[in-house]
Structures are given as structure tokens and as C-alpha cells.
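Using my numbering, the letters of the sequence shown correspond one by one to residues 394 to 458.
Note sheet for the following structure.
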Amino acid sequence: MSVLDIPTAEVFVPLLEPHRLGGPRYKGAHGGRGSGKSRFFGGLLVDYALSFPGLRAVCVRETQR
Numbered sequence: 394m395s396v397l398d399i400p401t402a403e404v405f406v407p408l409l410e411p412h413r414l415g416g417p418r419y420k421g422a423h424g425g426r427g428s429g430k431s432r433f434f435g436g437l438l439v440d441y442a443l444s445f446p447g448l449r450a451v452c453v454r455e456t457q458r
């Protein structure tokens, strides 16, 4: 099996850790426009989907006018 090495911005590294028992179940990030949040979580979802076949996930974004 090959290893997938995805470069990650330092600010997102804490989000790569698994959740602690009794800790929050969901991961989220907030910040300004263009900070790479959607790209990070999209790439993370692809990584999880490759690692865990049959994974079920949902991606939610807020839209503004």
C-alpha cells in the first residue's frame, strides 16, 4: 500500500488529530474569505475516502448574497 503525503498549512495541523474521547465529534474552522478552509476540508475528505472505503460524509457551506 502506498503512502499519501499531502502538504498542510500549519494553521490546519490541529484539525488532523483525531477527536478525543468525550471531546467534540465534529471539526470546523472559521475565518475570512480566501483562507483555504474549503480546500483543506475537501482534500481531507478525499484522503478519508481513500483510507476508509464506504465512508459516508456531508459537506456544508454557507452561501451569501
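Note that the Cβ used here is the ideal one computed from N, Cα and C, for glycine as well.
Tell me whether the beta-carbon of A450 lies closer than 7 Å to the beta-carbon of L438. For the pair A450 and L438, the CB atoms are nearer than the 7 Å cut-off.
Keeping to the same chain, check which residues put their C-beta closer than 8 Å to that of C452; ignore five residues upstream and five downstream. Within the same chain, C452 has close Cβ partners F434, G435 and L438.
Quick check on A422: does DSSP put it in helix, strand or coil? coil
Given a cut-off of 7 Å on the beta-carbon distance, is the pair L409 and K420 in contact? no
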